[in-house]
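All residue numbers for the sequence shown refer to the working numbering, where the first residue is 161 and numbers rise by one.
C-beta: ideal position from N, C-alpha, C; glycine also.
Okay, so here's the structure we're looking at.
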Amino acid sequence: MKLLLRDDVEKLGWLGDIVEVKNGYARNYLIPQGLAVVPTEGNIKALADEKARRAEARRLVRAQIERLVTAVQGAEVVIAAKANEQGHLFGSVTEHDIADNLRKQGFDVADEMVKMSGHIKDLGVSEVTVRAAADLLATVQVMVVSQEQTVDAAQESNISEE
């Protein structure tokens, strides 16, 4: 039976392909699941329109992701964490911490977008990759400072203001 695919079907074809499948597979799976229809002129035209709408939606999403990557590129994240005298953290800085800080700065970044080789466990500066899409990457500089330093800096700024 020949069918017009309404969606991508693994190991069979892509949206808009006309494929030949066995009758049982068509009647019992593809058609009831809404994955395929009989290829009539109306169905082919409707699918072409849907394909164009999906392409436009993908283009808009891609443009939005590109704007996000451009905005995030070179951003600086400062995270205050408890550390001992040698600079080792009590705990670690994770992808969630970095993504949360970026969200507070106004960037729409999910935790899964932040890619690190391992959690940051020492004070200092590290570079972290934000992967918004397979081929769209941004580099973010993460500065981990001791909470005591930030408290001291805040107290100094309060004293200098008075």
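Closest option to Val229, judged by alpha-carbon separation, among Ala292, Met161 and Val304: Ala292. In the structure shown, the three-state DSSP call for Asp282 is strand.
Contact between Leu172 and Asn203 fails: their C-beta atoms lie close to 17 Å from each other, not under 8 Å.
In this structure, Val290 sits away from Asn261, with a CB-CB distance that is not shorter than 8 Å. If you draw a straight line from the Cα of Thr254 to the Cα of Ile225, it is about 23 Å long.
Assignment of beta strand (DSSP E) within the stretch 219 to 250, counting only whole runs of 3 or more residues, yields 236 to 241 in chain order. In terms of CA proximity to Ala241, Lys281 leads the group Lys281, Lys162, Val274 and Ala186.
The three-state secondary structure of Arg263, taken from DSSP, is helix.
Sorting Leu175, Leu297 and Leu283 by C-alpha distance to the C-alpha of Gln246 places Leu283 at the top. Cβ-Cβ separation between Ala186 and Val232: approximately 46 Å, too far for a contact (criterion under 8 Å).
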